[in-house]
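Numbering (this note's numbering), first residue to last: 6 to 112.
The beta-carbon is built from N, C-alpha and C at its ideal position, and this holds for glycine as well.
Since this is a predicted model, take the numbers as computed values, not measurements.
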Amino acid sequence: MKQIIASELVDLMANSPAPTLVDVREQHELIHGMITGVITIPMQEFGEQLHQLGEDHGQTIVLICRSGKRSEHVGKYLEQLGFTDVINLSGGMNAWATDVDTTMSVY
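Take a look at the structure:
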């Protein structure tokens, strides 16, 4: 699985086609801020909600959580299922809030 830092994600999001952004944090964490355009699938519900990603196992998927740990676990799961272009946001939303959107809170 690839790792990406927040500033690189900004560039990747400007590409066409844009990557599929998946936030795996729990509902109560989303009040701290979200990246525009994300799909929210809490890690604990991922297996049940996998259909939200569609059938394209070659799409670029960027996984996001608070610090990058949970999203990395989900990324390994997706790779086991045959997804081939899985990227983890290193440092998660805390890195995004520090490096890209300082209006969001670090928690």
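Close-in-space but distant-in-sequence residues of the same chain around residue i (CB under 7 Å, 5 per side omitted)
i, result
"Gly-42", "Leu-26"
"Thr-45", "Asp-28, Leu-35"
Environment of residue i [buried if 16+ CB atoms lie within 10 Å]
i, result
"Gly-169", "Missing from the structure shown is residue 169; the chain here goes from 6 to 112 and no further."
"Ser-76", "buried"
"Pro-47", "buried"
Selected residue, minimal CA-CA separation from residue i, among the options
i, options, result
"Asp-90", "Gly-96, Ala-19, Tyr-82", "Tyr-82"
"Asn-20", "Ile-46, Gly-38, Thr-65, Glu-60", "Thr-65"
"Gly-52", "Gly-80, Asp-16, Leu-94", "Gly-80"
Under the three-state DSSP convention, the category residue i falls into
i, result
"Thr-103", "helix"
"Leu-94", "strand"
"Asp-16", "helix"
"Val-79", "helix"
"Ile-10", "coil"
"Ile-40", "coil"
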